[in-house]
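Engineer:
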Amino acid sequence: MNLIFPGADYPHKPNAFGTPIAAEAEGRRIYLLVDDQIDPHQAKAVALYFHGNAEVVEDLDYVPPFFRRETWLTVLVEFPGYGHCPGVPGESSFYQAGLDAYDYVAKNLCPGLPVVVAAWSLGTPAAMYLAAQRKVAHLFLLSAMTSMVEVAQALYPMTPDLYFKDARFEVKGFWDKIQAPVTLIHGDEDEIVPVNMSRELKRHWQDQAELYEIPEGGHNDIYLLGAATIRQSLEKIAKGLTGAS
Numbered sequence: 000m001n002l003i004f005p006g007a008d009y010p011h012k013p014n015a016f017g018t019p020i021a022a023e024a025e026g027r028r029i030y031l032l033v034d035d036q037i038d039p040h041q042a043k044a045v046a047l048y049f050h051g052n053a054e055v056v057e058d059l060d061y062v063p064p065f066f067r068r069e070t071w072l073t074v075l076v077e078f079p080g081y082g083h084c085p086g087v088p089g090e091s092s093f094y095q096a097g098l099d100a101y102d103y104v105a106k107n108l109c110p111g112l113p114v115v116v117a118a119w120s121l122g123t124p125a126a127m128y129l130a131a132q133r134k135v136a137h138l139f140l141l142s143a144m145t146s147m148v149e150v151a152q153a154l155y156p157m158t159p160d161l162y163f164k165d166a167r168f169e170v171k172g173f174w175d176k177i178q179a180p181v182t183l184i185h186g187d188e189d190e191i192v193p194v195n196m197s198r199e200l201k202r203h204w205q206d207q208a209e210l211y212e213i214p215e216g217g218h219n220d221i222y223l224l225g226a227a228t229i230r231q232s233l234e235k236i237a238k239g240l241t242g243a244s
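Heads up: the sequence shown at position 80 corresponds to 79 in numbering that gives the first Met the number 0, and the numbers run straight through without jumps.
(1) Taking only three categories from DSSP, how would you classify A100?
(2) Can you tell which of A130, V62, Y61 has its C-alpha closest to the C-alpha of Y94?
(3) Within this structure, are the beta carbons of E54 and A15 separated by less than 8 Å?
(4) Smallest Cα separation from A264: which of A22, P193, W174?
(5) My assumption, with CB atoms under 8 Å, is that P19 sits in contact with Y30. Please give the rounded CB distance.
(6) What does a CB cutoff of less than 6 Å around M255 pick up in its chain, not counting 5 residues either side in sequence?
(7) Using DSSP with H/G/I as helix, E/B as strand and the rest coil, what is F16?
(8) Please state whether the Cβ-Cβ distance between L224 and I236 is less than 8 Å.
(9) Give every residue of the same chain whose Cβ lies closer than 8 Å to the Cβ of F163, excluding the five residues on either side of it in the sequence, and list them in chain order.
(10) Taking the Cβ atom as the reference point for each residue, do A100 and V76 lie within a distance shorter than 8 Å?
(11) Quick check on DSSP: helix, strand or coil for I37?
(12) Measuring CA to CA, which of R68, A118, T158 is closest to Q258?
(13) Specify the secondary structure class of A213 as computed by DSSP and reduced to three states.
(14) What residues are listed by DSSP as bridge partners for Y162?
(15) Figure out for me which residue from C109, Q205, V170 has the closest Cα to the Cα of E90.
(16) Helix or strand or just coil, what does DSSP make of L240?
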C-alpha cells in the first residue's frame, strides 16, 4: 500500500463521463479527461483542474458542473501513476504533468482562452507550481496545503522523513512567483488539511487573495457544504475575466 499516494493503488476505472485524451509531451505521457458538455469553440475559459490524493479523474463527475455554469471547459488532469496515466507518483512528476497539461491545452485544445487553474487538497501545490511557471488568469484553491510533510506527519506522526524524498510539496519556495489573483476556500474544521494553511497563504498574498472559510466544513465535504460559496466565487471570477477581455 502506498501510504503517501493511496490513489495510485486504485484499479483502473472506466470512463463514465467526459472525453479522455492520452497525449505525449517530449516523451512524457499525460492523461486528461475533458468535459464533453461544453463546446470548446463556445467556451469562455478553461478550468484546468487538479484532484485530491485518494481519487482519480474518473471520480470527478461532481466537478465540471460548477465550471459549466460559467461556460468554462473543464479539463481534469491525471497524476502520473494514477488511473490511466503511466508514470511514478511524486512531487516532481506531478509538477511536470501540470506544465505539460497546460501547454497541451493552450496549444492544441483551446488556444487563446484564459486558463483558470483550480485544485483541491493534494492538487493545490501542483496548481500553485503551475501558476508560478505559466500565465494563468486565476488560481482557485480548495482546502489548500502548504506542506505535504506537515499534513501527513500530523495524521501519521511516526511516518519517517525518508517517505517524503519526492513528496514534500512545500510551496514557500515558489509562492512569490505567482502573479495571478487567488481565491481560497477552506472548511474551518478541516481535519486533514488545517485551515491555518489557507490562512497562511492569505497572509502572504494579502490583497492578491481572497479567503472564504466554510463554517463547520471538513475536508471531504467542502463541495457539499461550500457549494454556494464555490458557485458565487466562480461567478465573481467569470465577471472579472469578462471585464478584462
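The C-beta atom is built at its ideal place from N, Cα and C for all residues, glycine as well.
Structural biologist: Taking the structure as given:
(1) helix
(2) A130
(3) no
(4) The first residue shown for the chain is 0 and the last is 244, placing residue 264 beyond what the model contains.
(5) 7 Å
(6) In this structure the chain extends from 0 to 244, so residue 255 is not present and cannot be described.
(7) coil
(8) no
(9) I3, M147, V148, A151
(10) yes
(11) coil
(12) There is simply no residue 258 to check, as the chain begins at 0 and stops at 244 in what is shown.
(13) What sits at residue 213 in the sequence shown is Ile, not Ala. The answer is strand: DSSP assigns I213 an E or B state.
(14) Beta-bridge pairing links Y162 to no other residue.
(15) V170
(16) helix
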